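Asks: Before anything else, here's the structure in question.
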Amino acid sequence: MKILISNDDGYQAPGIVALHDALKTIADVEVVAPEHNNSAKSNALTLHSPLYVQTAHNGFRYVNGTPADCVHIALTGLLGYRPDLVVSGINNGANMGDDTIYSGTVGAAMEGYLFGIPSIAFSQVDKGWGEIESAARKAREIVQQMDRQNLVGEAPWLLNVNIPNMPYDALRPLRMCRLGRRHAAERVIEQQSPRGELMYWIGGAGAAKDAAEGTDFHATAHGHVSVTPLKVDLTDYDGLGYWAQTLARLVPAQASGEVA
């Protein structure tokens, strides 16, 4: 089994080091990760400046770009082969509910999925790397289980996994979940720069709005490892009929030059 590892916290982050050390015992692994922290970069690709790849003392390769950049260039020429699995993480903090839209960790895994490769994004629920070895052990266990079921290297799938910061033996079983929802983000933070200019910092994420049973928020709060299958198709299938009727009413008016 050949695994490509990336993340959004940067190639020196404890999470990716622990993940690499855990997975190298069961597979051939290579790391291609961002040079610096790229949290909340989602699926962004760098198109208007060059990307450079360098190699760290431990063999990790790092890129002056986004998580998606790392996986993209790895799969389109850097590696020279097609990995069986793309694994992203372990992220410093949760990627649950609405977080998944913004997450660079999920973005890296999604890039692998878009290339037709099974992919997993791993995150710890709380920041600070507490019990990171436990999380890495659980990540290895999940990868092994997928491999044993012949799911690695086959048709692409994308999983988002959040692991509570708990000792391995205290973790409760995997729980299949839907994404929860958050309240709107907190207010932007305004500050004055040393030059007297007004500057802004994005506010913190909103509190959980939908943390009902069945959500990733609920599962991890009760000590379970949450597993959520993701997809890329953003089509609002339930709304197709409504918008088709709305468009049918708008088109004749536009064609005749009338104002609706």
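If you're matching positions, the sequence shown starts at 26 in my numbering and goes up one per residue. Think of the CB as a built atom: it goes at the ideal place given N, C-alpha and C, for glycine as much as any other residue. All values reported here derive from a predicted model rather than from experimental measurement.
#1: Taking the alpha-carbon positions, what's the Ala-133 to Thr-125 distance?
#2: Please confirm whether Gly-40 and Gly-114 have their CB atoms less than 7 Å apart.
#3: Which residues does DSSP list as the beta-bridge partners of Asp-53?
#4: Let's test the definition: count the other Cβ atoms within 10 Å of the Cβ of Asn-116 and tell me whether it reaches 16, buried, or not, exposed.
#5: Could you tell me the distance, in whole angstroms, from the CA atom of Val-284 to the CA atom of Ala-273?
#6: Let's test the definition: count the other Cβ atoms within 10 Å of the Cβ of Ser-128 and tell me whether it reaches 16, buried, or not, exposed.
#7: Leaving out five residues before and five after His-243 in sequence, what residues of the same chain have Cβ atoms less than 8 Å from its Cβ?
#8: Between the alpha carbons of His-45 and Val-186, how many angstroms are there, rounded?
#9: Report the rounded CA-to-CA distance for Ala-164 versus Pro-219, giving the unit in angstroms.
#10: Hey, which unbroken runs of the beta strand (DSSP E) at 3 residues or more fall wholly within the stretch 112–166?
#11: For Ser-74, count neighbouring Cβ atoms within 10 angstroms of its own Cβ and tell me buried if that reaches 16, exposed if not.
#12: At what residues does the alpha helix (DSSP H) containing Pro-39 begin and finish?
#13: Can you list, in chain order, the residues of its chain with a C-beta nearer than 6 Å to that of Asp-151? Leave out the 5 residues immediately preceding and following it.
#14: Would you kindly work out how many angstroms separate the C-alpha atoms of Gly-118 and Ser-148, rounded to a whole number?
#15: Indicate whether the contact test is met: 3 or more Cβ pairs, each with one atom in the stretch 27–43 and one in the stretch 56–71, closer than 8 Å.
#16: State the start and end residues of the unbroken alpha helix (DSSP H) segment that holds Thr-245.
#17: Taking Tyr-193 as the reference, give the member of Leu-183, Ser-251 and Ala-161 with the closest Cα.
#18: Could you check the C-alpha separation between Ala-47 and Gly-137 for me, to the nearest Å?
#19: On the DSSP letters alone, give me the boundaries of the beta strand (DSSP E) that Pro-254 sits inside.
#20: Could you give the distance in angstroms between the alpha-carbon of Leu-103 and the alpha-carbon of Val-131?
#21: Out of curiosity, what's the CA-to-CA distance linking Arg-173 and Gln-217?
#22: Nearest CA to the CA of Thr-245: which residue from Leu-199, Lys-66 and Ser-159?
Replies: Quick look at the numbers:
#1: Between the C-alpha atoms of Ala-133 and Thr-125 there is a straight-line separation of about 11 Å.
#2: Yes; because the gap between Cβ atoms is below 7 Å, this pair is in contact.
#3: According to DSSP, Asp-53 bridges with Lys-27.
#4: Buried: at least 16 other Cβ atoms inside 10 Å.
#5: With a pLDDT of 49 at Val-284, under the threshold of 50, the modelled position of this residue cannot be trusted, and the question is left open.
#6: Ser-128 should be labelled buried.
#7: So the list reads Cys-202, Gly-205, Ala-236 and Ala-237, once near-sequence residues are dropped.
#8: Straight-line Cα distance between these residues: approximately 17 Å.
#9: Whole-angstrom Cα-Cα distance: 45 Å.
#10: Counting whole runs of 3 or more residues, the stretch 112–166 contains the beta strand (DSSP E) stretches 144–149.
#11: So Ser-74 ends up on the exposed side.
#12: Counting along the chain, the unbroken alpha helix (DSSP H) around Pro-39 starts and ends at 39–48.
#13: So the list reads Asn-190, once near-sequence residues are dropped.
#14: Roughly 6 Å separates the two Cα atoms.
#15: With the rule of 3 Cβ pairs closer than 8 Å, the stretch 27–43 counts as touching the stretch 56–71.
#16: Segment 241–246, the alpha helix (DSSP H) holding Thr-245.
#17: Of the listed residues, the one whose Cα sits closest to Tyr-193 is Ala-161.
#18: Going by the C-alpha atoms only, they are around 20 Å apart.
#19: Counting along the chain, the beta strand (DSSP E) containing Pro-254 begins and ends at 249–254.
#20: Roughly 21 Å separates the two Cα atoms.
#21: Using only the alpha carbons, I get a separation of about 56 Å.
#22: Considering only alpha carbons, the answer is Leu-199.
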